[in-house]
Amino acid sequence: MIRNLAAGQQVFTSNVFLVEGDRTVLVDVGNDFDVVSAVEESVPDVDAVVLTHTHPDHVGTLSEVVDAFDVDVWGYDTDAAGVDHAIADEDTVALGDHDYTVMHTPGHKNDHVCLYARGPGILFAGDLIFANGGFGRTDLEEGDRELLVDSIDRVQDAVDDSLSALHCGHGPSVESDASHHVELAAQAARFG
Numbered sequence: 010m011i012r013n014l015a016a017g018q019q020v021f022t023s024n025v026f027l028v029e030g031d032r033t034v035l036v037d038v039g040n041d042f043d044v045v046s047a048v049e050e051s052v053p054d055v056d057a058v059v060l061t062h063t064h065p066d067h068v069g070t071l072s073e074v075v076d077a078f079d080v081d082v083w084g085y086d087t088d089a090a091g092v093d094h095a096i097a098d099e100d101t102v103a104l105g106d107h108d109y110t111v112m113h114t115p116g117h118k119n120d121h122v123c124l125y126a127r128g129p130g131i132l133f134a135g136d137l138i139f140a141n142g143g144f145g146r147t148d149l150e151e152g153d154r155e156l157l158v159d160s161i162d163r164v165q166d167a168v169d170d171s172l173s174a175l176h177c178g179h180g181p182s183v184e185s186d187a188s189h190h191v192e193l194a195a196q197a198a199r200f201g
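Under the numbering used here, the sequence shown has 198 at position 189, and the numbering climbs by one with no breaks.
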């Protein structure tokens with residue numbers, strides 16, 4: 010089961026996905042709301058935190074989550090505050106009941122990754138791709154539009170029409186015709 014714990018929050022935060030199963034994991038931890046209580050309302054504990062990237066809206070509650078659940082944090086850049094273990098491009102990480110391939114996808118931020126499980130067709134896109142063809146900002150430090158386009162193209166090449174769920178760093182998840190939203194983002198980033 011995948012649940013967005015940040016749904017309905019009226020604060021400056023990313024989405025926070027609780028992925029339940031054999032290995033219960035938080036994908037990103039958000040900012041400016043009580044993530045610990047939100048987790049505790051759903052599950053007694055989490056096994057790990059995996060970060061799509063380290064912008065403040067995605068990691069603002071990291072210390073509270075680590076303190077509450079005594080978990081290790083996985084991310085692309087171990088030089089970033091709070092990241093205990095590196096996940097590299099093409100690594101495999103277990104989230105819930107599935108194995109996800111890590112795709113290093115810079116352009117929004119240098120340490121940005123997407124997580125893709127081919128079997129069930131699930132993509133955690135962070136701030137690379139959003140619903141309805143939205144895509145991540147490139148006007149922030151480390152932003153690079155050309156890199157972003159290359160990263161979206163890489164994701165588009167990896168997924169196919171069987172993509173059943175696109176979980177984005179902001180806004181709604183897409184659970185119908187998800188690959189079309191990836192295609193729209195590729196077009197919009199290139200020509201928008």
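Glycine is no exception: its CB is placed at the ideal position from the N, C-alpha and C atoms.
For residue i, write down the residues that DSSP places opposite it in a beta bridge.
i	result
Leu104	His107
Val183	Leu175
Asp81	Ala57
Val36	Phe26 and Val59
His94	Trp83
Once DSSP output is grouped into helix, strand and coil, what is the label at residue i?
i	result
Gly30	coil
Leu14	coil
Val52	coil
His190	helix
Phe200	helix
Ala47	helix
Val20	coil
Ala195	helix
Asp76	helix
His64	coil
Nearest to residue i by alpha carbon, out of the options?
i	options	result
Gln196	Asn24, Asp170, Phe139 and Gly152	Phe139
Asn13	Ser188, Pro181 and Val55	Pro181
Asn40	His121, Asn24 and Val122	Asn24
Pro115	Asp86, Ser188, Pro65 and Ser51	Asp86
Val36	Glu50, Ala90, Pro53 and Val122	Val122
Ala95	His113, His107 and Asp79	His113
Glu50	Asp31, Asp79, Gly84 and Ala15	Ala15
Ala202	Arg32, Phe78 and Gly142	In this structure the chain extends from 10 to 201, so residue 202 is not present and cannot be described.
Met10	Val20, Tyr109, Val168 and Asp31	Asp31
Val92	Glu29, Val45 and Val75	Val75
Asp66	Thr101, Arg127 and Phe21	Phe21
Gly105	Arg127, Ser72 and Asp56	Asp56
Return the Cβ separation of residue i and residue j in integer angstroms, given the expectation that the two are a contact with Cβ distance under 8 angstroms.
i	j	result
Ile131	Ser171	So it is not a contact: roughly 10 angstroms between Cβ atoms.
Lys118	His62	4 angstroms
Val34	Val68	Wrong, their Cβ atoms sit about 15 angstroms apart, outside the cutoff.
Phe144	His176	Actually they do not touch by this definition, with Cβ atoms about 15 angstroms apart.
Gly84	Asp120	6 angstroms
At a cut-off of 7 angstroms, would you count residue i as near the ligand FMN, judging by its Cβ distance to the nearest heavy atom?
i	result
Ala16	Among the components modelled here there is no ligand, and therefore nothing to report on the ligand FMN.
**Study point:** Ranges of the beta strand (DSSP E) found wholly within the segment 109-175, counting only runs of at least 3
**Key:** 122-126 and 131-135
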